[in-house]
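Just so you know, the protein sequences line up as chains A and B, in that order. My numbering numbers the first residue of the first sequence as 7 and each following residue consecutively. My numbering numbers the first residue of the second sequence as -9 and each following residue consecutively. Backbone N, C-alpha and C define an ideal beta-carbon position, used for all residues, glycine too.
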Amino acid sequence: MKKLFWSFSLLATLLTGCGKQNDMIKVGEFASLTGKEATFGQSSHEGTSLAIEEINTAGGVLGKKLELLTEDTQSKAGEPATVVNKLISRDGVVAVLGEVASSRSLEAAPICQQNKIPMISPSSTNPKVTESGDYIFRVCFIDPFQGTVMANFATKTLKAKKIAVFTDAKSDYSKGLAKFFKDQFTANGGTITAELDYNGGDKDFKAQLTAIKATSPDGVFVPGYYTDVAIICIQAKQLGLNVPFFGGDGWESEKLVEIGKEAVEGTYFSTHYHSDVGSAKSKSFVANYKKRFNGKTPDALSACAYDSAFVLADAIKRAGSTEGLKVRDALAATKGLEAVTGTITINEKRDPVKAAVILKVENGKYKYLETVNP
Amino acid sequence: MELFFQQLINGLALGAIYALIALGYTMVYGVLRFINFAHSDVLMLGAFAAYFLAPGIAKVLPPHSFASALLITILAAAICAIIGILIERLAYRPLRNRPKLTVLITAIGVSLFIEFTCQHKAVFRSETRRFPELLPINDYHFGGLVVNSNDIVVLVTTIILLAAMWFIVQHTKTGTAMRAVAFNMQAASLMGIDVNRIVSFTFGLGSALAAIAGILYAMKAPGIDPLMGIQPGLRAFIAAVLGGIGNLPGAALGGIVLGVVETFAGGIPGLSNYRDGIAFAMLIGILIFRPAGLLGKATVEKV
Chain A
7 MKKLFWSFSL
17 LATLLTGCGK
27 QNDMIKVGEF
37 ASLTGKEATF
47 GQSSHEGTSL
57 AIEEINTAGG
67 VLGKKLELLT
77 EDTQSKAGEP
87 ATVVNKLISR
97 DGVVAVLGEV
107 ASSRSLEAAP
117 ICQQNKIPMI
127 SPSSTNPKVT
137 ESGDYIFRVC
147 FIDPFQGTVM
157 ANFATKTLKA
167 KKIAVFTDAK
177 SDYSKGLAKF
187 FKDQFTANGG
197 TITAELDYNG
207 GDKDFKAQLT
217 AIKATSPDGV
227 FVPGYYTDVA
237 IICIQAKQLG
247 LNVPFFGGDG
257 WESEKLVEIG
267 KEAVEGTYFS
277 THYHSDVGSA
287 KSKSFVANYK
297 KRFNGKTPDA
307 LSACAYDSAF
317 VLADAIKRAG
327 STEGLKVRDA
337 LAATKGLEAV
347 TGTITINEKR
357 DPVKAAVILK
367 VENGKYKYLE
377 TVNP
Chain B
-9 MELFFQQLIN
1 GLALGAIYAL
11 IALGYTMVYG
21 VLRFINFAHS
31 DVLMLGAFAA
41 YFLAPGIAKV
51 LPPHSFASAL
61 LITILAAAIC
71 AIIGILIERL
81 AYRPLRNRPK
91 LTVLITAIGV
101 SLFIEFTCQH
111 KAVFRSETRR
121 FPELLPINDY
131 HFGGLVVNSN
141 DIVVLVTTII
151 LLAAMWFIVQ
161 HTKTGTAMRA
171 VAFNMQAASL
181 MGIDVNRIVS
191 FTFGLGSALA
201 AIAGILYAMK
211 APGIDPLMGI
221 QPGLRAFIAA
231 VLGGIGNLPG
241 AALGGIVLGV
251 VETFAGGIPG
261 LSNYRDGIAF
271 AMLIGILIFR
281 PAGLLGKATV
291 EKV
């Protein structure tokens, strides 16, 4: 009984404690800071933090400073629902930023929609994410575009006629991107020689890769995440499957080359942004980022996350309020906003229309190849 | 035909690792009659032990040499043997005379404890790390077939360790004592066998096997993380039941069968997604038609 009393009084203290801080605007962030896709969350978090710090240094929004509350999803299904519920109901955030992985954004989106809290995903590319409701936005391109870009790249640059597709059956992102790739590639006159699946987190891919090799494709499209992709490339080389491997923005992590080493050399992937190209805004972002994070070069995920916070702050300013509906309307009206990853105009599906870049892995670095405009 | 043999090679290499892990499960089961669910986490600890030992050993012995790989493996196995003995001492021994279910649930608890402690920032963190190359990796081509040097290492190690286990259990004094403890713990202790010592030995041996399996698994897929043991552990558990739990050759056979079946299923478009499902379907099938497992008998001599 005594325990119960103490927990109640503790709760009361906490609640009043929260009430006092109404001079701050609370922004929630959920990211995979640990686990299988840890570098996604870490990159995003760095981008978001940098943006929030810069906005606060410039005087904040509506005369108030932004306070970023970050929760870890551990790269696991189930966690996003828990942490986003906590951010909304316990912390009382005015908006939510996150996640990278589409499956996890899809988990949080209905919760934000139900509570009428605007959510901006920095880099979830599956089209279903923003279809969850009119409070859900994103600042990156979507997979029908990315799939088309990579299918055209396979046809034109790789001059491939036959491609095998190797999909992560556990991930909405992977399944969606695989589908859009196949549609465009077959429309280009190419043939899909084999379609095989794996489960994210598997360590043995030789069974599927052997089957892929038997169909002698010109290249293999793997729309997966970097930890799996690195091991897939290693085991493919061991089996003598020496055709180009290529994929989407899920490949972007320094861990890809750290784990994959020489096995990922000569692979290609599409992503949102590369620090070598871009506007003056992008150059200053790269410089500030390096200064803030010990000389680290930002990747596309940190750039997108930076933009997500920036777009939100801009919308709150224009709305003149932190009320969910007003911020939502202001977000939907975002037009021609100069951001790091390009000019952002939110369309009626709450997605921006943006260019993609294609990178090649060369000497353990990501080399910029080309920009593809929509 | 070439595809068939290539998949057979892939399956054998995968199955050999399952077999090695299954040996540890089955040995502990044989003596104590419970499944040590923390076994798969000891496997992970073995891989991490090797990961942290490798840079140190590289200063003494040339890296990528057989001697350095052997030394790293032996040290990692020793570390894990101590961890295994500690787990038994702290978590299972106080519950020795309680219902088996209590120990089983404790084992799940120990497993979760290790997994989540290791994911903590101050321990290993939860991101994937690159496992160093312990041995030079070569591919051998036989016509269209490719055999990786790692696969050969895995198969040879499994065969040697299986033979060694068989020898220890059947032809040494400790092994005789293990069989006696497995047969009747009380009677064994009345005959002057130090039961606690034998149980510790069994755990130490099982954990050393898990460590070696962990290192081989990490050599095959060089990305290690604190949850890496769960999937192979689960499959090895199935393999142990498949072969007849408590039976050493059964565990090896179960591992190989499972690895091969899983690999063939994985190579079929449309079925490749159901590798785990197929493993469990096999388990259910075995439990229905041969409850004692492939090599298990109703009155099996345990261990």
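Run of the alpha helix (DSSP H) containing A/A293, from where it starts to where it stops: Position 287 of the first sequence holds residue 293 of chain A. 286 to 298 is the span of the alpha helix (DSSP H), which, as asked, contains A/A293.
B/V146 burial status per 10 Å Cβ neighbour count (16 or more: buried): Here residue 146 of chain B refers to the residue found at position 156 of the second sequence. So B/V146 counts as exposed.
Burial state of B/G295, where buried means 16 or more other Cβ atoms lie within 10 Å: Because chain B spans -9 through 293 in this model, residue 295 of chain B falls outside it and cannot be assessed.
Span separating the alpha-carbon of A/L20 from that of B/M17: The residue given as residue 20 of chain A occupies position 14 in the first sequence. The residue given as residue 17 of chain B occupies position 27 in the second sequence. Because A/L20 sits at a pLDDT of 48, beneath the cut-off of 50, its placement in the model cannot be relied upon, and the following sentence gives the value as read from the coordinates. Looking at the two C-alpha atoms, the distance is approximately 52 angstroms.
Coil, strand or helix - A/A390 by DSSP: Lying outside 7 to 380, the shown extent of chain A, residue 390 of chain A is not represented and no answer is given.
Chain-ordered neighbours of A/T233 on chain B, where CB pairs are closer than 7 angstroms: Taking the first sequence and counting its residues from 1, the one referred to as residue 233 of chain A is at position 227. Within 7 angstroms Cβ-Cβ: T118, G213.
Where B/Q221 meets chain A, residues with beta-carbon distance less than 8 angstroms: Numbered from 1 along the second sequence, position 231 holds the residue referred to as residue 221 of chain B. Per Cβ cutoff of 8 angstroms: G207, D208, K209.
Residue burial classification, A/K26 (beta-carbon count within 10 angstroms, cutoff 16): Within the first sequence, numbered from 1, the residue matching residue 26 of chain A stands at position 20. Bear in mind that a pLDDT of 45 at A/K26, under 50, signals an unreliable position, so the model cannot answer this.
Segment contact flag, the stretch 369 to 377 of chain A with the stretch 192 to 200 of chain A, C-beta cutoff 8 angstroms, min 3 pairs: no
Closer than 9 angstroms at the beta carbon, the chain B residues around A/K42: By 1-based counting over the first sequence, the position of residue 42 of chain A is 36. Within 9 angstroms Cβ-Cβ: S116, E117, T118, D215, L217.
Residues that A/A101 bridges to, as DSSP identifies them: Against the first sequence, residue 101 of chain A aligns to sequence position 95. A/V33.
Any alpha helix (DSSP H) of 4 or more consecutive residues that is wholly inside the stretch 191 to 267 of chain B: 220 to 233, 238 to 256
Cutoff 8 angstroms; reference A/D208; Cβ partners in own chain excluding five residues on either side: The residue labelled residue 208 of chain A in the question sits at position 202 within the first sequence. The residues are D234.
Nearest to A/N248 (by Cα), restricted to the options A/E113, A/T216, A/T88, A/G98: The count along the first sequence starts at 1 and reaches residue 248 of chain A at position 242. Checking every option, the nearest Cα to that of A/N248 belongs to A/T216.
Nearest candidate by alpha-carbon position, reference A/L202, set A/A170, A/F191, A/Y232, A/D189: Counting from 1 along the first sequence, the entry for residue 202 of chain A is found at position 196. For A/L202, the nearest C-alpha among the options comes from A/A170.
Euclidean distance between Cα positions of A/P223 and A/E43: Numbered from 1 along the first sequence, position 217 holds the residue referred to as residue 223 of chain A. Numbered from 1 along the first sequence, position 37 holds the residue referred to as residue 43 of chain A. When rounded, the distance between both Cα atoms is 29 angstroms.
Chain B contact for A/A175 (CB, 7 angstroms cutoff): Against the first sequence, residue 175 of chain A aligns to sequence position 169. Yes, contact with chain B.
DSSP three-state assignment for A/T377, whether helix, strand or coil: Here residue 377 of chain A refers to the residue found at position 371 when the first sequence is read from its first residue. Strand, per DSSP.
Cut-off 8 angstroms between Cβ atoms - residues of its own chain near A/D140, not counting five sequence neighbours on either side: As a working note, residue 140 of chain A is residue 134 in the first sequence. Closer than 8 angstroms at Cβ, skipping near neighbours: Q119, R334, A338, R356.
Cβ of A/A269 within 7 angstroms of any chain B Cβ: What you label residue 269 of chain A is simply residue 263 of the first sequence in a count that begins at 1. Cβ-Cβ to chain B under 7 angstroms: no for A/A269.
Own chain residues within Cβ distance below 7 angstroms of B/L22, not counting five before or after: To locate residue 22 of chain B, count along the second sequence from 1; it is residue 32. Around B/L22: V189.
Closest Cα partner of A/I237 within the set B/R119, B/N237, B/L151, B/T162: As a working mapping, residue 237 of chain A is identified with position 231 in the first sequence. Per the Cα distances, B/R119.
Among A/S285, A/V226, A/A213, A/F227, nearest to B/E252 - alpha-carbon criterion: Here the question's residue 252 of chain B lines up with position 262 in the second sequence. Per the Cα distances, A/A213.
Proximity test, Cβ basis, 7 angstroms: A/A220 and chain B: As a first step, residue 220 of chain A must be located in the first sequence, where it is residue number 214. It does: the Cβ of A/A220 has a partner Cβ on chain B nearer than 7 angstroms.
Cutoff 7 angstroms: A/E264 Cβ touching any chain B Cβ: By 1-based counting over the first sequence, the position of residue 264 of chain A is 258. It does; some Cβ of chain B falls within 7 angstroms.
Three-state secondary structure assigned by DSSP to A/A362: On the first sequence, position 356 is the one that residue 362 of chain A refers to. Residue state, collapsed to three classes: strand.
Selection from A/S290, A/T173, A/T192 that minimises the alpha carbon distance to A/A184: Taking the first residue of the first sequence as 1, we reach residue 184 of chain A at position 178. Closest by alpha carbon: A/T173.
CB contact check: B/G256 to chain A, cutoff 7 angstroms: Translated into the one-based positions of the second sequence, residue 256 of chain B becomes position 266. True, the Cβ-Cβ gap to chain A drops below 7 angstroms.
Neighbouring residues, chain B, relative to A/D178 (Cβ below 7 angstroms): Indexing the first sequence from 1 puts residue 178 of chain A at position 172. The premise fails here: A/D178 is roughly 14 angstroms from chain B at the closest Cβ pair, so nothing lies under 7 angstroms.
Proximity of B/G234 and B/A282 at Cβ, strictly below 7 angstroms: Taking the second sequence and counting its residues from 1, one reaches residue 234 of chain B at position 244. Taking the second sequence and counting its residues from 1, one reaches residue 282 of chain B at position 292. Yes, the pair counts as a contact, with Cβ atoms nearer than the cut-off.
Whole-angstrom C-beta distance between A/N205 and A/K176, which should lie under 8 angstroms: For this step, residue 176 of chain A is matched to residue 170 along the first sequence. For this step, residue 205 of chain A is matched to residue 199 along the first sequence. Yes, they are in contact, since the Cβ atoms of A/K176 and A/N205 sit about 5 angstroms apart, within 8 angstroms.
Cβ neighbour criterion (16 or more within 10 Å) applied to A/S327: For the purposes of this step, residue 327 of chain A is identified with residue 321 of the first sequence, where counting begins at 1. A/S327 is exposed by the Cβ-count criterion.
Short CB-CB distance (under 7 angstroms) between B/T253 and chain E: Among the chains of the structure shown, chain E does not appear; the protein chains present are A and B.
Spatial neighbours of B/A28 in its chain, beta-carbon cut-off 7 angstroms, leaving aside the 5 residues before and after: Here residue 28 of chain B refers to the residue found at position 38 when the second sequence is read from its first residue. The residues are I77, A97, V100, S101, I104.
Inter-residue Cα distance where the pair is B/M181 and A/V263: By 1-based counting over the second sequence, the position of residue 181 of chain B is 191. By 1-based counting over the first sequence, the position of residue 263 of chain A is 257. In a straight line, the C-alpha of B/M181 is about 60 angstroms away from that of A/V263.
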